[in-house]
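Peer 1: Those protein sequence lines, which keep their order, are chains A and B. Position one of the first sequence corresponds to residue 743 (the numbering used here), numbered consecutively onward. Position one of the second sequence corresponds to residue 313 (the numbering used here), numbered consecutively onward. Ideal placement from N, C-alpha and C gives every residue a C-beta, glycine not left out. Here the structure is a predicted model, which means the values were calculated and not measured.
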Amino acid sequence: MIRYFFLRLTAAVPTLLIIVTATFFLIHAAPGGPFDQEQTLAPEIKANLQRSYGLDQPIWIQYGRYLKSLAHGDFGPSFKYKDFTVTELIAQGFPVTFTLGVIAIALALSIGIPLGTFAALHHNTAADYVTMSFAVMGIAIPTFVVLPFLGLLFGVYLHWLPVAGWEAGSMKHLALPVIALALPPLAYIARLTRGSMLEIMRAHFIRTAFAKGLPAHTVIFRHALRPALMPVASYLVPAVASIMTGSLVVESIAGLPGIGRYLVQGALNRDYTLVLGMVIIYSTLLIGLGLLVDLLYAWLDPRVRH
Amino acid sequence: MRGFVEDAARRLKSNPAAVAALYLMSAIIALALLAPWINPNSAETLDWAHAAARPGMQSAHWFGTDRLGRDLFVRTLAGTRISIAIGLLASLISLAVGVSYGAIAGYLGGRADQVMMRLIEILSGLPLIFFVIFLTVIFGRSQYLLFLSIGAVGWLTMARIVRGQTLSIRQREYIEAAIASGASTRRILAKHVIPNLMGPVVVYATLMVPQIILFESFFSFLGLGIQEPGASLGTLIAEGVGEMETAPWILLVPGGFLAALLLCLNIFGDGLRDALDVKEA
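As structure tokens, then:
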């Protein structure tokens, strides 16, 4: 198992390298450059700027230089935020996005799994229908509609919670963005758990557990839940990807100082290094999570261990 | 085949949520298509005398106007039209690419299948948004390329489903029986493989439409999709968010339409899946 884990870990490095390379050449191939927005720039000044950032060099040399500085843990300077390095920008915004994401995923799991189990155990009753109706709503209605609607209701009309702002991450300011972010994965997890729980409860080993006289809660929590969580475990990576995408709009609506804005703005501004830095951060997180999910799988299902 | 379709239709009719969703969805689509004849206001005319006017049936602007005095009823329904059009077109692209890719991989099997599926695995391991952002960055912000790029990335799930179905259908006893009774490959594909593929393909195509509408409005919301003065539900919502404390209807009208449309499409797709008895992927 440990050997397998290290094998996967070493396989992650070339994957990451391919992603970085593809992104590097794609964004450099895009028409326009980082200094095009400032139209007043005299050609000599633009040439000077490009020289100082090494943009006048052939693309292969730029690529080599970038990889070399990357190997030293340096993401390079940002082209648009002139006085900042990409590392500084990410270091400032990442804690915000990370806090938001971690709370959202924790919320989605800790409510979604019990909700799905509850619905499965009350299959085809009103409780099941109500829960699943909420799940459909959570899946269907996009985050950028849910968050403003929540803000309108709880912020503008009821005055319970602030609509926007960060305020050093106070719980009050985090509440609405986190709920909006957690809702789609929560609904999806509830649905997955319900589906697999329904299937597991019909399995022979559950019938056996009941037959030997175990109380219902022991059967459900000790025997049924663990295998029923397999689909949820494999959904974790897409769930985090969906939270990452969701945080782009949530941060912009709620005015949170996270890293979400850098991806879209960086790409539009041709801020090459910033986009690459963001892609590296996001892909590393997802690949790392994929590894963790593999470990989780082995724990949930002993048959996977090898 | 006929009996199968009738069966599915009967089961669909006995699902009240799916039927209600179908009616509401049809009403929204009909309203979107007929809007130019229902309300004579133009989507781009600025009515400065009634800027940010409240909604009301007695005024000329039933759903109110935005900051620039543009009629929200007309703009929202124009946005709905664009969103639905992009949703359908991009779904068709995904459908065509996904079904052919998946069927080829599933039919060839072996090493070709492994390589083709590995590619899908790598692509779907990354957040979709990177691709579309890059595509819009490279090709520029054009709505035609937007639906093309969304369609081009939406095919992954479809390809995987079709490939899995093709593989499992090929191993069924009735295929073996057909081969044993001397049926040609063409006949087997036409009579056995493709009809059995139809169920899941129809269901996932139906469920893909709301997903693609969601993506489109997401990109328009971020300012990467439809550009002013054109309107999509995403751009209208983005506009409404800025005004929500003083003129909440600018947010509520397009937001309500998008939420209702996506909800109906999802509920109907789920109903169709149950009616056609397709297993959840």
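(1) According to a CB-to-CB cut-off of less than 7 Å, which residues of the stretch 859-888 of chain A neighbour chain B?
(2) With a cut-off of 7 Å, does the C-beta of A/L900 fall near any C-beta of chain B?
(3) Could you check the C-alpha separation between B/D383 and A/L1016 for me, to the nearest Å?
(4) Just the chain A side, please: which residues come within less than 7 Å of B/A571 by C-beta, in chain order?
(5) Which first and last residues belong to the alpha helix (DSSP H) in which A/L751 is found?
(6) Take B/L574 and list the residues in its own chain whose beta-carbon comes closer than 8 Å to its own, dropping the five residues that flank it on each side.
(7) Drop a sphere of 10 angstroms on the beta-carbon of A/L928, count the other beta-carbons inside from all chains shown, and report buried for 16 or more, exposed for fewer.
(8) Taking only beta carbons into account, state which residues of the stretch 398-415 of chain B come closer than 7 Å to chain A, listed in chain order.
(9) When burial is assigned at 16 or more other CB atoms within 10 Å of the CB, is B/E433 buried or exposed?
(10) Contact criterion: CB-CB distance below 7 Å. Does B/G567 meet it with respect to chain A?
(11) Compute the Euclidean distance between the alpha carbons of B/F459 and B/I398, then round it to the nearest angstrom.
(12) Quick one: which chain A residues come within Cβ less than 8 Å of B/N578?
(13) Residues in its own chain within less than 6 Å of A/A772 by CB, not counting five upstream and five downstream?
(14) How big is the Cα-Cα spacing for A/Y1014 and A/G858?
(15) Give the range of the alpha helix (DSSP H) segment to which A/L851 is assigned.
(16) With 16 other CB atoms within 10 Å as the buried threshold, where does B/A593 fall?
(17) Going along chain A, which residues have a C-beta under 7 Å from B/E557?
(18) Quick one, are the C-beta atoms of B/S544 and B/M470 less than 7 Å apart?
(19) Considering only the beta carbon of each residue, do A/L923 and A/G880 sit closer than 7 Å?
(20) Could you spell out where the alpha helix (DSSP H) holding B/L563 opens and where it closes?
(21) So for B/D319, helix, strand or coil by DSSP?
(22) At the level of alpha carbons, what is the spacing between B/L519 and B/L501?
(23) Work out the CA separation of B/C576 and B/M337 for me, nearest whole Å.
(24) For a quick check, are the C-beta atoms of B/L509 and B/Q477 less than 7 Å apart?
(25) Check the Cβ-Cβ distances between B/G466 and every residue of chain A, and say whether any is below 7 Å.
(26) Please list, in chain order, the chain A residues whose beta carbon lies closer than 7 Å to that of B/V553.
(27) Evaluate A/M913 with the Cβ neighbour count: other Cβ atoms within 10 Å of its Cβ, from every protein chain shown; 16 or more gives buried, anything less gives exposed.
(28) Which partner residues does A/P819 have in the DSSP bridge list?
(29) Around the Cβ of A/V755, are there at least 16 other Cβ atoms within 10 angstroms (buried) or fewer (exposed)?
(30) Are any of the Cβ atoms in chain A nearer than 7 Å to that of B/L534?
(31) Run down chain A in chain order and give the residues with a C-beta less than 9 Å from the C-beta of B/P367.
(32) How is B/A593 classed by DSSP in three states: helix, strand or coil?
(33) In the DSSP assignment, what residue or residues form a beta bridge with B/D383?
(34) What's the C-alpha gap between B/A587 and B/V331?
(35) Considering Cα atoms alone, identify which of A/G774, A/A996, A/T839, A/L812 is closest to A/L797.
(36) If distances are taken between C-alpha atoms only, which option among A/L851, A/P1044, A/A1040, A/V1006 comes closest to B/T448?
Peer 2: According to the data block:
(1) Those would be V878, M879, I881, A882, I883, P884, F886, V887, in chain order.
(2) Chain B, which has no Cβ nearer than 7 Å to the Cβ of A/L900, makes this no.
(3) Straight-line Cα distance between these residues: approximately 40 Å.
(4) Those within 7 Å of B/A571 in chain A are I883, V887.
(5) From DSSP, the alpha helix (DSSP H) with A/L751 extends over 744-771.
(6) Within the same chain, B/L574 has close Cβ partners P522, I525, L526.
(7) A/L928 should be labelled buried.
(8) Under the 7 Å Cβ criterion, the stretch 398-415 of chain B contributes no residue.
(9) Burial call: exposed.
(10) By this cut-off, B/G567 is an interface position.
(11) Going from the Cα of B/F459 to the Cα of B/I398 covers about 6 Å.
(12) Within chain A, the residues whose beta carbon sits less than 8 Å from that of B/N578 are V878, I881, A882, listed in sequence order.
(13) Excluding its 5 nearest sequence neighbours in each direction, A/A772 has no C-beta neighbour in its own chain below 6 Å.
(14) In this model, A/Y1014 and A/G858 are separated by some 43 Å (Cα to Cα).
(15) 828-863 is the span of the alpha helix (DSSP H), which, as asked, contains A/L851.
(16) Legend: pLDDT at B/A593 = 47, less than 50; position of this residue unreliable, no value from coordinates given.
(17) Within chain A, the residues near B/E557 are V898.
(18) Between B/S544 and B/M470, the CB-CB gap reaches or exceeds 7 Å.
(19) If you check the CB distance, A/L923 and A/G880 do not come in under 7 Å.
(20) Its alpha helix (DSSP H) spans residues 561-588.
(21) In the displayed model, B/D319 falls within a helix according to three-state DSSP.
(22) Separation of B/L519 and B/L501 (C-alpha to C-alpha, rounded to the nearest whole angstrom) is 25 Å.
(23) Here the C-alpha atom of B/M337 lies approximately 6 Å from the C-alpha atom of B/C576.
(24) For B/L509 and B/Q477, yes; Cβs fall inside 7 Å.
(25) Nearest CB-CB separation between B/G466 and chain A: not below the 7 Å threshold.
(26) Chain A residues near B/V553: P890, I995.
(27) It is exposed - the Cβ of A/M913 has fewer than 16 other Cβ atoms within 10 Å.
(28) According to DSSP, A/P819 bridges with A/T827.
(29) Label assigned to A/V755: exposed.
(30) At least one chain A Cβ lies under 7 Å of B/L534.
(31) Neighbours of B/P367 on chain A: none; closest Cβ ~15 Å, over 9 Å.
(32) At B/A593, the pLDDT of 47 sits below 50, so the modelled position is not reliable; the number obtained from the coordinates is stated separately. B/A593 falls in the coil class under three-state DSSP.
(33) Residue pairing by DSSP puts B/D383 in a beta bridge opposite B/T377.
(34) Taking the straight line joining both Cα atoms gives about 12 Å.
(35) Checking every option, the nearest Cα to that of A/L797 belongs to A/G774.
(36) Of A/L851, A/P1044, A/A1040, A/V1006, the residue nearest in Cα terms is A/V1006.
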